[in-house]
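Engineer:
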Amino acid sequence: MKTFNYHSAKDVKEASKLSSSKSAFLAGGMTTLPSMKLGLASYNDLINLKNIKNLSGIKVSGKTIKIGSTTKHAEVSQSKEVKKAIPSLAALAEGIGDPQVRNRGTIGGSIANNDPAADYPSACIALNAVIHTNERKIEAEKFFKGMFETALKTGEIIEAVEFEIPKKSNYQKYPNPASRYAIVGVYVAECKSGVNVAVTGAKSCVYNDKNLSSALSKNFSSSAIDGIEISSSGMNSDIHASAEYRANMVKVFTKKAVEAC
Amino acid sequence: MASLVGSRVERKEDKKLLTGRGKYTADVTFAHQTYAYFVRSPHARAEIKKVDISKAEKSSGVVAVLTGKDIVNDKIGGLIAGWRIKSEDGSDMKVPAHPPLASETVNYVGDHVAVVIAESLDEARNAAELVKVDYKVLKAVVDTADAMKSDQIYKDIPKNLCFDWLLGDRAKVKEAFDKADKIIKIDLINNRVIPNAMEPRAANADYNPSTEEITLYTTSQNPHLARIIISAFNGVAPENKLRVIAPDVGGGFGSKIYPYAEEVVCSWAAKKIERPIKWVADRTESFLSDCHGRDHVTHAELAVKNDGTFLGFKNETIANIGAYASVFGTVTPTYLFGPCATGVYKMPAAYTNVKAVYTNTAPVDAYRGAGRPEATYTIETLVDKAARELGIDPAEIRMKNFPTQFPFQQTLVHSVDSGDYVAGLNKAIEAADYKGFEKRKRESEAKGKLRGIGLCTYFEACGIAPSPVVMMLGCGIGLWESAEVRFNPTGNVTVFTGSHSHGQGHDTTFAQIAADQLGVPIENIEISHGDTDKGPFGYGTYGSRSLTVGGTAIVKACDKIIAKGKRVAAKMLEASEDDIEFKNGEFVVAKSNKKKTIGEIAFACYLPGTYGEVKSPLPEGEEPGLKETSFFDPVNFSFPAGSHICEVEVNPDTGETAVVKYTAIDDFGTIINPLVVEGQVHGGLVQGIGQALYENCHYDQSGQLVTASYMDYTMPRADNFPDFNLGFTCTPATSNPLGTKGCGEAGAIAAPPAVMNAVMNAIGTEISMPATAEKVWKACKENKKTNSKAA
Ligand SMILES: Cc1cc2nc3c(=O)[nH]c(=O)nc-3n(C[C@H](O)[C@H](O)[C@H](O)COP(=O)(O)OP(=O)(O)OC[C@H]3O[C@@H](n4cnc5c(N)ncnc54)[C@H](O)[C@@H]3O)c2cc1C
């Protein structure tokens, strides 16, 4: 690991001020530290966000759940409020990595990183999330830009993620057998505006499958998508799963999620 | 005192190992410690044009940068192939030079080019990036099946062929095949796997300039072998000036039997710089540079009669041994493979032909089971195919071809001393509720799942083995084992063994044996291993040999102790030696209550005198002290065997395959500690099932290792397995007084065919290992297409 400067910010303002194109925020460190150790990334400055008050915590209002950005996966998975309001979100958090990762990794870090195989981005899309930063509010559909790419600008810090509480929802994940990230993860949610089918793992970035979403908006049953062909074009292909296999899994897991709703 | 043999004594070593109090090589730090980082080849095949170390040498904290040139200048010998194999045409195997640091060519990604030694690991690593190596990249040979047709890697090795070896009789096989009703054929790949011991390899070498002695701590299954190789072949230091210590070692699975380039380099360099050097592999280095396992491409045929009787067998295998011939790299696909190729069956004629090929991949060597899993996988999937094609139940076709008379002269080499394969399979059928399978299959179908059942009946040759036999076959060393049983003056005991425990539980099992033999409470017995300066020379742990060979040496040394104890007791009790009986730790004069405990005898041996008078408790001419050594060379291999039955459930929509039931009935001869043995079976099974369903080493066409981390290399995990249903039958081995046969490798040998037979039974198609979800899904989809066409 290359040497770097470590800062522990008191508040969001300080953290933002310290940041540059050669810095990273340190939340759970579960992505940043392994990449630094493996020599895949190096930074001049690491800015710890974990000591900033008010960035962590779960608040339920009538229609939404707002989760502070440094809230750990384990806290979401064990939260009574989350389990009651959006059980599929708690289940998603429970399915991330292993206990060590869940006890350190954070929701803000996960979505800021936007790994194409990460779980949370699908929840953001399916549950019409709004990402609150120190500068603005960003709709999930506009937040995830591409592989490891988001709408965040240098110095912009996620403060919280606000999810709509859906009528019903379910998340199904086919984990990569080695890493246990999603080879395909499908989040189905029936929200006020209609049904969302958010897919992670399959392509370079999470996406809302409009065909599946609109078919299910009309008829929320697994047979409603029988006739829909999922094209494998644009899907990832690697030693673990071909594009063709991923396309199949999107459909099978959408059905499974609908049936489990 | 009740006998401890057969009881579930809890592992003495676990408290230490599970509470973080173990002492591993990486835990050892010397004063003035330096740290090594290796510069490795990023290319699978290249010529080294130039190595420029000038920048690296000036980097902060750097103590020394050494390259292949220094190895050449100091005349440090290369790494060796420990087993000499001859080709069918009588020619010797062809072996390329394997210098510890390359100076001319590199031959796999991870090959060692230079070492940077610095005050800290970070400084060594940073400086390593500054070593500029000018490579001329050449086209890599990667594929096992195509290796003989690809570019020639080494000037003197045509077709990249190490040897073309034959065991068996081609003419007799032809005759058998001519008489057959049917020939069953199969083409298989035995997938390459990476051992993944929990503790990465490590070395810490300390040199004392005044005594000229090197102390090498290393992660070895076999410290004595490391010492003799580093002394005699690499020429780093004479044996008496090299002490090798393998302290606690976190698993090996074969990959730590022999020394690697890193140990040689650290020892040699420590002497050069006169400071201790520590190297600990990071996980990526482990993936790249630990020797891998398996990697066979096989075509096999079985000649059968319509009633299922086997007439003959042939096996044509290409074995990928990687870029260099490693220490057991040449014996693994030959004498550890060929003799077991015909499985447990009566097989009137057979041959095995193996072409071992070099490729630009990490060397391949022994991995849990070494050769026997590959052999068993071939015959057992072939036998299942025969059952399918002949319409005979897989259990029945096996029963039909089992030998029932023991000793059984097996077709190719072995004389199997004992076994009862019929009883084993019957017990497995019962334990697995084989007959209830159809019902369970219907239940699975009701849930939309396919269910399959698969059998494997195996035997293996282990406990290797008689030294004259293995040396006749080309082995460079003997394979006996040593033990020294040392009474301390106060009556407790230290047992030194030449074998090595790196997870096997010797501290417990061996102590049970010594406790039984000597009548000393197990708490008063310590097992010591892993230090060439402590116990006598030995051959380490692999091939399920430790208990059978090393345990027997302990028994023999205990016998000598007792013999001496009788002589001393006779003198002390004023009786004739013939009247002394030894029982439960006491020497008793027959038909009397005169006795001495073994502790009293030990005390007398160490303090042979009496206060106030000149009187020795020792008979005249008897030496003081109580310590005996034994070297045991077995008369035969030992032959564990068993019947495993696996059931899988397949989701045809996704191809996800779950092992839902697994029954293993093994015959390991006498079982000393069922708890330890069950642990060994569990470990073997998960590695075997891992190979069948998950693990796969993948190189791309340029020779880059794609599966070089746990993000891509699928290790099996606890949630992949059901509870295992284990059971045992027992026919004691006749080749050692304990009657033990060895259990360490059985699971890894039996599981792959049992699982794959179950998968193929479920989906009705042949597929290769690992049966990943996608492969299974594709097969199910194909089946659906053909079925709907047929309908
Ligand atoms: C072994 C392992 C298994 C895993 N398995 C899974 C899995 O199955 N599914 C899954 O989804 N993930 C998985 N992960 C990733 C895990 O969820 C990480 O925790 C997550 O991706 C990053 O979160 P973090 O809090 O650790 O972020 P860090 O590593 O601290 O930071 C990651 C990036 O996010 C930025 N960042 C962090 N917080 C903020 C913020 N508030 N505002 C703006 N930018 C910020 C940082 O600058 C950095 O670039 C796994 C990780 C590991 C190590």
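If you read the protein sequences in the order shown, they are chains A and B. Read in order, the letters of the first sequence correspond to residues 1 to 261 in the numbering used here. Read in order, the letters of the second sequence correspond to residues 262 to 1052 in the numbering used here. Every residue, glycine too, gets a C-beta built ideally from N, C-alpha and C. Keep in mind the model is a prediction, meaning the values are calculated, not measured.
Could you name each continuous beta strand (DSSP E) segment of 3 residues or more that falls completely within the segment 373 to 400 of chain B, going from the start of the chain to the end?
Structural biologist: Listed in chain order, the complete beta strand (DSSP E) runs (minimum 3 residues) inside the segment 373 to 400 of chain B are 373 to 379 and 393 to 398.
Engineer: I want to see whether chain A comes within less than 8 Å of B/H959, judged by CB atoms only; does it?
Structural biologist: At least one chain A Cβ lies under 8 Å of B/H959.
Engineer: Do we get a CB-CB distance below 8 Å when we pair B/E318 with the residues of chain A?
Structural biologist: False, the Cβ-Cβ gap to chain A never drops below 8 Å.
Engineer: Would you report the Cα separation of B/V402 and B/A385, rounded to the nearest angstrom?
Structural biologist: Between B/V402 and B/A385, the C-alpha separation is close to 32 Å.
Engineer: Is B/Y285 close to chain A, meaning its C-beta is less than 8 Å from at least one C-beta of that chain?
Structural biologist: Chain A, which has no Cβ nearer than 8 Å to the Cβ of B/Y285, makes this no.
Engineer: Who are the neighbours of A/P177 on chain B, taking C-beta pairs under 7 Å?
Structural biologist: By Cβ distance, chain B contributes Y955 and T975.
Engineer: Mind listing which residues of the segment 238 to 250 of chain A have their C-beta closer than 8 Å to chain B's C-betas, in chain order?
Structural biologist: Per Cβ criterion, the list reads I239, H240, A241, S242, Y245, N248 and M249.
Engineer: Within 10 Å of its beta-carbon, does B/A260 have 16 or more other beta-carbons around it, so buried, or fewer, so exposed?
Structural biologist: Because chain B here runs from 262 to 1052, residue 260 of chain B falls outside it and cannot be looked at.
Engineer: Closest Cβ-Cβ distance between B/M972 and chain A: below 8 Å?
Structural biologist: Yes, because at least one Cβ of chain A sits closer than 8 Å to the Cβ of B/M972.
Engineer: I believe A/S61 touches A/T70 by the beta-carbon criterion, under 8 Å. Please report the beta-carbon distance rounded to the nearest angstrom.
Structural biologist: Contact doesn't hold; Cβ gap of about 20 Å is too wide.
Engineer: Identify the contact partners of A/Y174 in chain B, using a Cβ-Cβ distance below 9 Å as the criterion.
Structural biologist: In chain order: T915, E917 and A1034.
Engineer: Can you pull out the residues from the segment 527 to 545 of chain B whose beta carbon lies closer than 9 Å to at least one beta carbon of chain A?
Structural biologist: Cβ contacts with chain A: D543 and T545.
Engineer: Taking the CB atoms as reference points, tell me whether B/G804 and B/T758 lie closer together than 8 Å.
Structural biologist: No; because the gap between Cβ atoms is not below 8 Å, this pair is not in contact.
Engineer: Assuming B/V333 and B/I445 form a contact by the criterion Cβ under 8 Å, report the distance between their Cβ atoms to the nearest whole angstrom.
Structural biologist: Not confirmed; about 53 Å, so no contact.
Engineer: Would you list the residues sitting across from B/G780 in a DSSP beta bridge?
Structural biologist: For B/G780, which the question treats as bridged, DSSP gives no partner whatsoever.
Engineer: Evaluate contact between the segment 166 to 177 of chain A and the segment 115 to 131 of chain A, counting only Cβ atoms and requiring at least three cross-stretch pairs below 8 Å.
Structural biologist: In short, these stretches touch, since the Cβ pair count reaches three.
Engineer: So A/V188 contacts chain B; which residues on that side make the cut at Cβ distance below 8 Å?
Structural biologist: Per Cβ cutoff of 8 Å: no residues; A/V188 is ~17 Å from chain B at best.
Engineer: Are B/A610 and B/E436 close, meaning C-beta to C-beta below 8 Å?
Structural biologist: Taking 8 Å as the Cβ cut-off, B/A610 and B/E436 qualify as a contacting pair.
Engineer: Would you mind sorting B/T472 into buried or exposed? The rule is 16 or more other CB atoms within 10 Å of its CB.
Structural biologist: Answer is exposed; the Cβ neighbour count stays below 16.
Engineer: According to DSSP, simplified to helix, strand and coil, what is B/K857?
Structural biologist: Here B/K857 sits in strand by DSSP.
Engineer: Using a threshold of 7 Å, is the CB atom of A/N113 nearer than that to any non-hydrogen atom of ligand 1?
Structural biologist: Yes.
Engineer: DSSP three-state call for B/F929: helix, strand or coil?
Structural biologist: Of the three classes helix, strand and coil, the one that applies to B/F929 here is coil, per DSSP.
Engineer: Flag A/Y181 as yes when its Cβ comes closer than 7 Å to any non-hydrogen atom of ligand 1, and as no otherwise.
Structural biologist: Correct: A/Y181 has its Cβ closer than 7 Å to ligand 1.
Engineer: Measuring CB to CB, does A/G227 end up less than 8 Å from A/G201?
Structural biologist: No, they are not a contact pair.
Engineer: Please go through the same chain and pick out, in chain order, the residues whose beta-carbon is closer than 7 Å to the beta-carbon of B/R828, but skip the five residues on each side of it.
Structural biologist: Correct list, in chain order: E838, P880 and E883.
Engineer: Is there a Cβ of chain B sitting closer than 8 Å to that of A/V60, yes or no?
Structural biologist: It does not: the Cβ of A/V60 has no partner Cβ on chain B nearer than 8 Å.
Engineer: Based on DSSP bridge pairs, tell me the residues matched to B/Y612.
Structural biologist: DSSP, once it has assigned bridges, lists B/G429 and B/K575 as partnering B/Y612.
Engineer: Are the Cβ atoms of B/T328 and B/A375 separated by less than 8 Å?
Structural biologist: Contact flag set, yes.
Engineer: Mind checking B/V525: buried by the 16 CB within 10 Å criterion, or exposed?
Structural biologist: Result: buried.
Engineer: When you measure from the CB of A/T58 to every non-hydrogen atom of ligand 1, does any distance come out below 7 Å?
Structural biologist: Residue identity check: residue 58 of chain A is Ile in the sequence provided, not Thr. Flag unset: Cβ of A/I58 not near ligand 1.
Engineer: Sorry if obvious, but does the Cβ on A/L89 come closer than 7 Å to a heavy atom of ligand 2?
Structural biologist: Of the ligands one can find in the structure shown, namely ligand 1, none is ligand 2.
Engineer: Closest Cβ-Cβ distance between B/V967 and chain A: below 8 Å?
Structural biologist: Closer than 8 Å: yes.
Engineer: For B/T476, which three-state DSSP category applies?
Structural biologist: Strand.
Engineer: Ligand 1 and A/G28: does any heavy atom of the ligand fall closer than 7 Å to the residue's C-beta?
Structural biologist: A/G28 Cβ: within cutoff of ligand 1.
Engineer: Express the C-alpha separation of B/Y478 and B/N469 in angstroms, rounding to a whole number.
Structural biologist: Distance between the alpha carbons of B/N469 and B/Y478: 14 Å.
Engineer: How would you call B/E308, buried or exposed, if buried means at least 16 neighbouring beta carbons within 10 angstroms?
Structural biologist: With fewer than 16 other Cβ atoms within 10 Å, it is exposed.
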